[in-house]
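Under my numbering, the first residue of the sequence shown is numbered 1, with each subsequent residue one higher. Every residue, glycine too, gets a C-beta built ideally from N, C-alpha and C. Predicted, not measured: the structure shown is a model, and the values here were computed from it. Working notes, beginning with the structure itself.
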Amino acid sequence: MQMKSRYFLLSVVFDMKIAVAALQGAFLEHEKILDKLGIDYFEIRKKKDAEKDFDGLILPGGESTTMGKLLNELDLFDILKSKIENGLPVFGTCAGLILLAKEISNDDKRYFGTMDITVRRNAYGRQLGSFGTIDSFGNFEDVPMVFIRAPYIEQAGEGVQILSVVDGKIVAARQNNQLVTAFHPELVGDNTLIHEYFINEIVNQH
Ligand code: GLN
């Protein structure tokens with residue numbers, strides 16, 4: 001069955017609160033989408049923020065090495081990792097995807113490592129560092145996608161549901177409470193579909 005993006009009637013639980021990791025990168029753009037959807041959020045900048053109760057976490061795009069460093073320096077890493085392991089819904093875009101990956105094929109570093117995927121950083125090379133396309137995500141067609149020095153998923157474990165494949169590469173996937181996209185759904189203007197998916201299908205179900 002073909003479903004359109006308006007399939008999502010946002011059924012936001014009244015006191016739902018989303019945390020946005022605001023350490024580096026494109027966090028403001030995620031916040032703009034949450035504003036559009038009328039979803040309450042706050043920024044995680046220090047340990048006290050991470051210790052709060054919240055219903056979902058967004059890890060934005062940016063530079064995974066810098067974010068990983070800041071997560072450690074600001075003492076956020078262990079708290080967030082244990083929340084994710086305990087089922088906190090999390091949505092990682094681009095660098096956020098890299099932070100969640102269990103394996104990074106072309107880098108020695110590992111971050112949360114909570115999702116059973118192997119990713120390749122900067123996988124499209126310098127020439128193809130940035131590009132836009134329109135492709136499908138799960139049952140949805142015509143989803144605009146912007147890639148910026150993006151990774152892709154080279155391998156996904158059994159428990160991982162593949163949601164988008166572009167040019168033969170996996171670029172969106174879900175494993176229970178964890179959703180990742182190699183592209184930036186927060187940089188395509190009015191299209192709020194992927195955030196709606198995260199809220200409706202993951203945050204609201206946990
Ligand atoms: N190239 C970045 C990294 O490896 C990710 C790029 C992005 O988030 N747009 O962390």
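- Listed in chain order, the non-local C-beta contacts of V90 below 6 angstroms within the same chain comprise L57, I84, Q178, local neighbours out to five positions each way being set aside.
- Beta-bridge partners assigned by DSSP to K169: V166.
- Assignment of T93 by DSSP, reduced to helix, strand and coil, places it in the strand class.
- Ranked by Cα distance from E141, the options L193, K48, F42 are led by L193.
- At the C-beta level, V166 and A173 stay beyond 8 angstroms of one another.
- Across the set H206, I18, F131, the C-alpha of F131 shows the shortest separation from the C-alpha of H184.
- Residue ranges of uninterrupted alpha helix (DSSP H) with 4 or more members, entirely inside the stretch 33-81 and ordered along the chain, are 47-50, 64-73.
- Here E186 carries a helix assignment [DSSP, helix/strand/coil].
- According to DSSP, residue pairing for P144 in a beta bridge involves I134.
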